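Each remark here refers to the structure printed beneath this line.
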Amino acid sequence: MTRASFDCPHCGHQTSLDFRTEISTQRCDHCGVRFSAVKIDRAVTRRKKVNVDPRTGKAMDDQSWTEEREEGGGWRLKMVVSLVGALVLGALVVGAVLLAKRRPVVVGADGKATTQLVGADGHTPLTPMLPKAEVPSTYKENKERFLRGEEQIRTLAGISTVDDLLPLVRNREQWEPVMREYYGAQKRGTLPIGFEEVAPLASHLYVGTLQLVIVRYFAPQHVLRSAVFVEEPDGRLLLDWPSLVAWCEVDVGEFLKNKDKTPRTMRLLGGRDDYFNNQFAPSPNLLCVRLQDRDNQHVFYGYLDKTTNGTAFDVMKNLPMKPAKDSLTVKVKFPDAPKSGNQVEIAELIGRGWVADRPLEKAEPAPVAPPPALSQPVEIK
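Structural data, given as structure tokens:
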């Protein structure tokens, strides 16, 4: 039976209820009050008349009314709550599985499994910097290294001149002219480095195969950074300066403003994206990477062509989707006739991570004239 009678909670008169219609939209037959405005017991009484003797007015079966208890509209709310709860639980389980697949678990400095390791820039994953089989060593095994690294970062925090900084820098002969220009004529950086305090000892990392001691510290405004030191054979810890400052061949803002068509080495954060526009139409052979500088002041898009750089394409297609969080060292340039100020070509992937692991790129040598033909006289001086 789809209808029932019960006493209205508002006026007390008997009224009917239709279970085929949402209860909150129905009104009392007597007072007109909407049921949603009053409290209705989830169990309502349905009264059914039985056979009555028309001469005496008495029930022929000695029963004038039968009362039956029947569930009201509460079951609908129960069903909705159960369904929502099941959907939320399912989403959490699926999300956890996808996250576990996307972010490999490694052993952190405290000896516990973690996926929240940081790279040379202080807030991007360290994992891309390492060989596939490399796992950072734990705190207990390298406490002495970390203490020496903390001593070095405190020393760096007190240095205000390039001359005093150079003895602590790895490959100083290579980077000295770059550093003098960076802190001097270009005024792209200042000394001493911004430093508030060293992060907890257990947060540091040591990468054995690369001899990297990574010391985390807090810059002004409590921004988390990392200083990467390379352990020399004699035990000295020398600073990898390019990763400390996220060195780029030219200022990122100037590069974008001038639409520079010369390939420039940049240390950026990257993540895959799907922004295709203007000269860069969607194609299976074209990969879009969202790029930004370390301080998040400039965001632009780089495109890598599989047909011209297949190796880099295979590496970068495994980058996580935006936002840009993986540290990359790349060469980028604008196309010959740029139609946009925020779309560039990725000419080369130098490496995942910012640690300088190869000589600084030098200018291409001037072309050499071909030797004269043998039939021409050659003047010997």
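Residues 224 to 604, numbered by the working numbering, are exactly what the sequence shown covers, in order. Heads up, the beta-carbon is just placed ideally off N, CA and C, and yes, glycines get one too. Bear in mind the structure is a predicted one, so any value in this text is a computation, not a measurement.
- DSSP lists Asp496, Tyr526 as the bridge partner or partners of cysteine 511.
- Look at glutamine 397 here: in three-state DSSP terms it is helix.
- The beta-carbon distance between threonine 488 and isoleucine 376, rounded to whole angstroms, is 25 Å. This is too long to meet the 8 Å contact definition.
- The distance from the Cβ of lysine 556 to that of valine 567 is about 6 Å, consistent with a contact at the 8 Å cut-off.
- If you compare the alpha carbons of Pro507, Ser563, Gln502, Glu420 with that of lysine 480, the shortest gap goes to Ser563.
- The three-state secondary structure of glutamine 444, taken from DSSP, is helix.
- DSSP places valine 385 in the uninterrupted alpha helix (DSSP H) bounded by 385-388.
- Between histidine 427 and phenylalanine 369, the C-beta spacing is below 7 Å.
- Residue state for lysine 554 is assigned as strand, using DSSP reduced to three classes.
- Using a Cβ-Cβ distance cut-off of 8 Å, the segment 490-497 and the segment 414-421 are not in contact, since fewer than three pairs of beta carbons, one from each stretch, lie closer than that value.
- The Cβ-Cβ distance between arginine 517 and tyrosine 524 does not fall below 7 Å.
- By the CB criterion at 7 Å, leucine 467 and alanine 450 fall inside the cutoff.
- Within the same chain, Cβ atoms closer than 7 Å to the Cβ of asparagine 508 are found at Asp528, Lys529, Thr530, the five residues on either side in sequence being excluded.
- Taking C-beta separations shorter than 8 Å and ignoring five residues to either side along the sequence, the partners of lysine 545 in its chain run Gly494, Arg495, Asp496, Arg513, following chain order.
- The Cβ atoms of leucine 462 and valine 522 lie no closer than 7 Å to each other.
- Shown here for leucine 310: not one same chain residue has a beta carbon closer than 7 Å to its own, the five before and five after excluded.
- Relative to the Cα of alanine 579, the nearest Cα in the group Thr552, Asp559, His253 belongs to Thr552.
- By the neighbour-count criterion, in which 16 or more other beta carbons inside 10 Å mark a residue as buried, arginine 459 falls on the exposed side.
- Sequence-distant partners of arginine 411 (beyond 5 residues in either direction) whose C-beta falls short of 7 Å from its own C-beta, in its chain, are Tyr405, Asp474.
- About 7 Å separates the Cβ atoms of threonine 384 and leucine 414, confirming a contact at the 8 Å cut-off.
- Judged by their CB atoms, tyrosine 362 and alanine 314 are not nearer to each other than the 7 Å cut-off.
- Boundaries of the alpha helix (DSSP H) harbouring valine 475: 475-481, taken from the DSSP string.
- Where leucine 370 is concerned, the enclosing alpha helix (DSSP H) starts and stops at 366-380.
- Of the residues assessed, proline 456 falls on the exposed side of the cut-off, its CB having fewer than 16 other CB atoms within 10 angstroms.
- In chain order, Lys556 place their CB closer than 7 Å to the CB of threonine 485, counting only its own chain and leaving out the 5 sequence neighbours on each side.
- Boundaries of the beta strand (DSSP E) around leucine 572: 566-575.
- For the 7 Å CB-CB criterion, phenylalanine 452 and valine 436 form a contact.
- Distances from the alpha-carbon of tyrosine 440 to those of Trp398, Phe478, Ala380 put Ala380 closest.
- In this chain, the alpha helix (DSSP H) harbouring leucine 467 covers 464-468.
- Residue pairing of alanine 450 in beta bridges, as defined by DSSP: Val438.
- Per DSSP, reduced to three states, the secondary structure at glutamate 404 is helical.
- Rounded to whole angstroms, arginine 371 and glutamate 364 show a C-alpha spacing of 14 Å.
- Where glycine 533 is concerned, the enclosing alpha helix (DSSP H) starts and stops at 533-539.
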